[in-house]
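Colleague:
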Amino acid sequence: MDLTEEEQEWIQNNKNFVFYNNDYNSRLFFIEDGAPKGLYSNLIKDINKKLNTSFQLKVKDIDDLHAMFDRLEKGSYLDFADTENRKENYFFVPTLYRVSTKVFYKNTDQIIDLVSLNNKKIGLVEDWFSTTNFIEQYSDSIQYTPVKFADVNSLINALNSGEVDAFVADTQEITDKAFPTLNLPRLNNLYTSFAIPKSQSELYSILVKYFTELKSEEVKEFVKQSREDYFLYLFKGNNELKGSSISVGYGFNAFPASYLVNEEYHGIAPTLFDSIKRIFKDSVTFTEPSVGECKDYDVLLSTFENECITDKYFLTKPYYSFELSVFNKLEGNFISRIADINYSTVGMLKNAYYYDYIKNNTLNVKMVFFDTFEEIIEAIDDGRVDYAFGDQRLLMNHTINHDMYDLKTAGTLTKTFSVYIAVKKEHEALFNAINLISTSSDNERLIKNIYINENEKYQKDDFWLLIAILLVSLFIIGVLIARVYIEKKAQARLLRMNESLIGSLEMASLYSDEETSEHNKRINVYSEHLSKLLKMPNSFVEDIRMIASLHDIGKIGIPHYILKKPGKLDSDEFDVMKKHVNIGYEIIKNTDLSLITKNIVLYHHEKWNGKGYLSLVGEEIPIEARIVSIVDVYDALRQKRIYKEGFTHEVAIKIIEEEKGVSFDPKIVDIFLEHHEEFRAIFENNQ
């Protein structure tokens, strides 16, 4: 870690600095035999190893902890929410988890959206920040009856017994896989954080550097270790499983759940199984797993709901879900619904999980069966079949590892498939334990994606690989736009196609900046709305709605350390960052994408006063770029990043008003400000 002189001096003077937490008994933090354990303990140990320090982790009663925090006593405090009031005295360093506040419920017939919570009994734990936040943001719009409880277990029992219709909690208290959930778009995601007094600014900058440089493989190991340690502790002394002998199999061989590389299994399921074996090493003997879905295993580590899963099995909560995608050759057709593949030849895996869905929802489709996905891809390539099916990540992984950039995602269907662990009912105690472990797998909550398959030849920063992936997606989108004008398809179908193809682009973006997806979606919505307010032609509005999200595609060629730098860029780094508009233009200049698209990509960082990246002045800047520049800045100001707090709507509007005639077209700013509440709503409703 590259530390400044001030940071090194601080470490020398604070070798035994103390981090404080209360014992809330989770895999993040728990006490065993008087010693701190869990993810936070592992992080502190790793920090000590890398910095040659002896930082300590101590436990305090929750009331004492809050009193120390309020008195600004020296130390770092774990898991304090970063509210506006607290930011006056504390820095907050996010650790590894996103935390979302959600509504948990059971009755899917009665509860379908936030409106259906009216006149319902909602369980709340009064001391939680998530409760306070929910009450502040939603009491004026949801007429519910609050029912107070002491802890999360009481909430769960009340929901199961029917005492309440739903409860509010964050995903640190309970996994969102435990029950159906509703999102609360007015509430920002939080991050599990270290709160550091502003008097310890050097520690803040040190920890920011530590988490920025932490590698995904390190995170994966920390999460695995803390999960195993916690469940070893939780099940200690439980003799119910003692002496069990369990046969184990994988239901399928497919990325990312369970897939073979050089005769060795990788993916989410094998990682979970490694943990399960260690947790029960003293009580259960497991066979080494092999593939064979319909074999009579005691435990299937990866399976879909199908005819192999009879009433002899319990299914855990799903640990991975995806929408079914359709793949074909780059020059092939696009689809927006399953009926679009009627009268075609499709490649199918033998015993495919999607067989019944395809069979029951298509007409005159010829099915050709194969043993592996690779064989299907070869059949598409040589023209024997028209389409294949699967998880979009499967095609992306195959594309990267086999240098095959002439395939595309032709569309993503509305059908969702989920992956489970199946356990025979005669092993109910083992099922209950595995269900608890599998729902703690944290795939969606981690800030860093630990399950993306790393390519043997390329690294995440490999510019030309990223460009190749992106060009495929851009070509697809360009062809789609051309079809819009030529074929004039129905608007609903076009929207569905576009969402599917933009999804391909977002999968490519995952390899450069994992936090831009929602931002890009909102840019499309803002740009469409502002264009309508400006009374632009319908063709312009439709075009900008579909392609405004491509404004920053050039960032795929900017080094990761610059994109993710938590502080201000120095002059050299800023010069590199400015190149993203030129890189983006080079990517798309020879495609069939519209001039509007190219102008947005190249000119969205121009300023009205001529002090932008390329020094265009006033109306020299194309109006489409002037539109995107305002909404891009608004959303960037509002958006919370891992190391940046989001501004309130009021502050963001004030900044835009101050930049009228400086950065932004005064006439467009006037329209934007006149309708600013509509842009607030777009932000809040598109999280």
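Taking the UniProt record's numbering, the leading residue of the sequence shown gets 1, the next gets one more, and so forth.
Glycine included, every Cβ here is placed at the ideal spot set by N, Cα and C.
Computed from a prediction, not measured in an experiment: that's the story for all the values here.
From this set, His551, Val541, Ser539, Leu300, which residue's C-alpha is nearest isoleucine 434's C-alpha?
Modeller: Indexing the sequence shown from 1 puts residue 434 at position 434. Out of His551, Val541, Ser539, Leu300, Leu300 has the C-alpha closest to the C-alpha of isoleucine 434.
Colleague: Provide the residue(s) that pair with methionine 348 in DSSP beta bridges, ordered along the chain.
Modeller: The sequence position of residue 348 within the sequence shown is 348, counting from 1. Its beta-bridge partners are Phe369.
Colleague: Using the Cα positions of isoleucine 142 and lysine 120, report the straight-line distance between them to the nearest angstrom.
Modeller: Along the sequence shown, read from residue 1 onward, the residue named residue 142 stands at position 142. Along the sequence shown, read from residue 1 onward, the residue named residue 120 stands at position 120. If I take the Cα positions, the gap works out to 9 Å.
Colleague: Within 10 angstroms of the Cβ of glutamate 678, are there 16 or more other Cβ atoms? Answer buried if so, exposed if not.
Modeller: For the purposes of this step, residue 678 is taken as the residue at position 678 of the sequence shown. Counting Cβ neighbours within 10 Å, glutamate 678 comes out exposed, since fewer than 16 surround it.
Colleague: Is leucine 190 near aspartate 113, with beta carbons less than 8 Å apart?
Modeller: As a position in the sequence shown, residue 190 is number 190, starting the count at 1. As a position in the sequence shown, residue 113 is number 113, starting the count at 1. It is not a contact, given that the beta carbons lie outside the stated cut-off.
Colleague: For alanine 257, name the three-state secondary structure that DSSP assigns.
Modeller: By one-based count along the sequence shown, residue 257 stands at place 257. Residue state, collapsed to three classes: coil.
Colleague: Should lysine 408 and asparagine 328 be called a contact, given that it needs their Cβ atoms to be closer than 8 Å?
Modeller: Taking the first residue of the sequence shown as position 1, residue 408 is located at position 408. Taking the first residue of the sequence shown as position 1, residue 328 is located at position 328. Yes.
Colleague: Pull up the distance between the alpha-carbon of leucine 534 and that of phenylalanine 540, whole angstroms please.
Modeller: On the sequence shown, residue 534 is found 534 positions in, with the first residue counted as 1. On the sequence shown, residue 540 is found 540 positions in, with the first residue counted as 1. So the two alpha carbons sit approximately 11 Å from each other.
Colleague: Counting only beta-carbon atoms, is asparagine 160 nearer than 8 Å to chain C?
Modeller: Of the protein chains in this structure there is only one, and it is not chain C.
Colleague: Apart from the five residues just before and just after arginine 680, which ones in its own chain have a Cβ nearer than 6 Å to its Cβ?
Modeller: Mapped onto the sequence shown, residue 680 falls at position 680. So the qualifying residues of the chain are His649.
Colleague: Quick one: is arginine 71 buried, meaning 16 or more other Cβ sit within 10 Å of its Cβ, or exposed?
Modeller: Numbered from 1 along the sequence shown, position 71 holds the residue referred to as residue 71. Classification for arginine 71: exposed.
Colleague: Please state whether DSSP places tyrosine 343 in a helix, a strand or coil.
Modeller: Within the sequence shown, residue 343 is the residue found at index 343, counting from 1. Coil at tyrosine 343, not helix or strand.
Colleague: Label histidine 675 either buried or exposed according to how many other C-beta atoms from any shown protein chain fall within 10 Å of its C-beta, with 16 as the threshold for buried.
Modeller: Numbered from 1 along the sequence shown, position 675 holds the residue referred to as residue 675. Histidine 675 comes out exposed.
Colleague: Going by the DSSP bridge assignment, what does leucine 114 pair with across the sheet?
Modeller: Position 114 of the sequence shown, counted from the start, is the residue given in the question as residue 114. Leucine 114 is not bridged to any residue.
Colleague: What's the C-alpha gap between threonine 108 and phenylalanine 179?
Modeller: Here residue 108 refers to the residue found at position 108 of the sequence shown. Here residue 179 refers to the residue found at position 179 of the sequence shown. Approximately 10 Å, taken between the alpha carbons.
Colleague: If I measure Cβ to Cβ from isoleucine 421 and keep anything under 8 Å in the same chain, skipping five residues before and after, which residues do I get?
Modeller: Here residue 421 is taken as the residue at index 421 of the sequence shown, counted from 1. Same-chain partners within the cutoff: Ala269, Leu272, Val299, Leu300, Leu301, Ser302, Thr303, Leu315, Thr316, Tyr319, Ile434, Asn435, Ser438.
Colleague: Classify valine 115 as buried or exposed, calling it buried when 16 or more other Cβ atoms lie within 10 Å of its own Cβ.
Modeller: Translated into the one-based positions of the sequence shown, residue 115 becomes position 115. So valine 115 ends up on the exposed side.
Colleague: By the three-class DSSP mapping on this structure, what secondary structure does asparagine 14 have?
Modeller: Along the sequence shown, read from residue 1 onward, the residue named residue 14 stands at position 14. Three-state result, asparagine 14: coil.
Colleague: With DSSP as the reference, label residue 739 as helix, strand or coil.
Modeller: Outside the shown range of the chain (1 to 687) lies residue 739, about which nothing can therefore be said.
Colleague: Measure the CB-CB distance between glycine 243 and tyrosine 297 and report whether it falls below 8 Å.
Modeller: Counting from 1 along the sequence shown, the entry for residue 243 is found at position 243. Counting from 1 along the sequence shown, the entry for residue 297 is found at position 297. In this structure, tyrosine 297 does not lie closer than 8 Å to glycine 243 by Cβ.
Colleague: Would you decide whether serine 500 is buried or exposed? Buried here means 16 or more other CB atoms lie within 10 Å of its CB.
Modeller: Numbered from 1 along the sequence shown, position 500 holds the residue referred to as residue 500. Since pLDDT at serine 500 reaches only 40, below the 50 mark, its modelled position is unreliable, and the value read off the structure follows with that caveat. Burial call: buried.
Colleague: Among Val284, Tyr204, Lys209, Ser201, which one has its Cα closest to the Cα of leucine 232?
Modeller: The residue labelled residue 232 in the question sits at position 232 within the sequence shown. Among Val284, Tyr204, Lys209, Ser201, the Cα nearest to that of leucine 232 belongs to Val284.
Colleague: Could you check if threonine 412 is buried or exposed, using at least 16 other CB atoms within 10 Å of its CB as the buried criterion?
Modeller: Within the sequence shown, numbered from 1, the residue matching residue 412 stands at position 412. Counting Cβ neighbours within 10 Å, threonine 412 comes out buried, since at least 16 surround it.
Colleague: Taking the alpha helix (DSSP H) that proline 270 belongs to, which residues open and close that run?
Modeller: The count along the sequence shown starts at 1 and reaches residue 270 at position 270. Here the alpha helix (DSSP H) through proline 270 covers 268-279.
Colleague: Please identify the residue among Thr287, Gln200, Tyr357 whose C-alpha is closest to the C-alpha of lysine 74.
Modeller: Against the sequence shown, residue 74 aligns to sequence position 74. Closest by alpha carbon: Gln200.
Colleague: Can you tell me the Cα-Cα spacing of serine 571 and threonine 4, whole angstroms?
Modeller: Taking the first residue of the sequence shown as position 1, residue 571 is located at position 571. Taking the first residue of the sequence shown as position 1, residue 4 is located at position 4. In a straight line, the C-alpha of serine 571 is about 19 Å away from that of threonine 4.
Colleague: Could you please give the first and the last residue of the uninterrupted beta strand (DSSP E) stretch that includes glutamate 56?
Modeller: On the sequence shown, residue 56 is found 56 positions in, with the first residue counted as 1. Note that residue 56 is glutamine in the sequence shown, not glutamate. That run of the beta strand (DSSP E) goes 56-59.
Colleague: Starting from leucine 673 and walking both ways along the alpha helix (DSSP H), at which residues does that stretch end?
Modeller: To locate residue 673, count along the sequence shown from 1; it is residue 673. It spans 666-674 - the alpha helix (DSSP H) in which leucine 673 sits, taken as one unbroken run.
Colleague: Give, in chain order, every unbroken run of the alpha helix (DSSP H) that is at least 4 residues long and sits entirely within the segment 135-169.
Modeller: Listed in chain order, the complete alpha helix (DSSP H) runs (minimum 4 residues) inside the segment 135-169 are 152-161.
Colleague: By alpha-carbon positions, which one of Ile600, Met536, Lys50 ends up nearest to glycine 554?
Modeller: Walking along the sequence shown from the start, residue 554 turns up at place 554. Nearest C-alpha to glycine 554: Ile600.
Colleague: Quick check: what's the CA-CA separation for asparagine 262 versus arginine 384?
Modeller: Here residue 262 refers to the residue found at position 262 of the sequence shown. Here residue 384 refers to the residue found at position 384 of the sequence shown. Going from the Cα of asparagine 262 to the Cα of arginine 384 covers about 28 Å.
Colleague: With a threshold of 8 Å, are at least 3 pairs of Cβ atoms found where one atom belongs to the segment 355-364 and the other to the segment 327-347?
Modeller: Verdict: yes, contact present.
Colleague: For residue 735 and lysine 209, I'd like the C-alpha separation in whole angstroms.
Modeller: This structure does not reach residue 735, given that the chain is present from 1 up to 687, and the question cannot be answered.
Colleague: Taking C-beta to C-beta, are tyrosine 40 and leucine 51 nearer than 8 Å?
Modeller: Here residue 40 refers to the residue found at position 40 of the sequence shown. Here residue 51 refers to the residue found at position 51 of the sequence shown. Contact: no.
Colleague: In whole angstroms, what is the alpha-carbon distance linking alanine 388 and isoleucine 376?
Modeller: Numbered from its first residue, the sequence shown carries residue 388 at position 388. Numbered from its first residue, the sequence shown carries residue 376 at position 376. Approximately 7 Å, taken between the alpha carbons.
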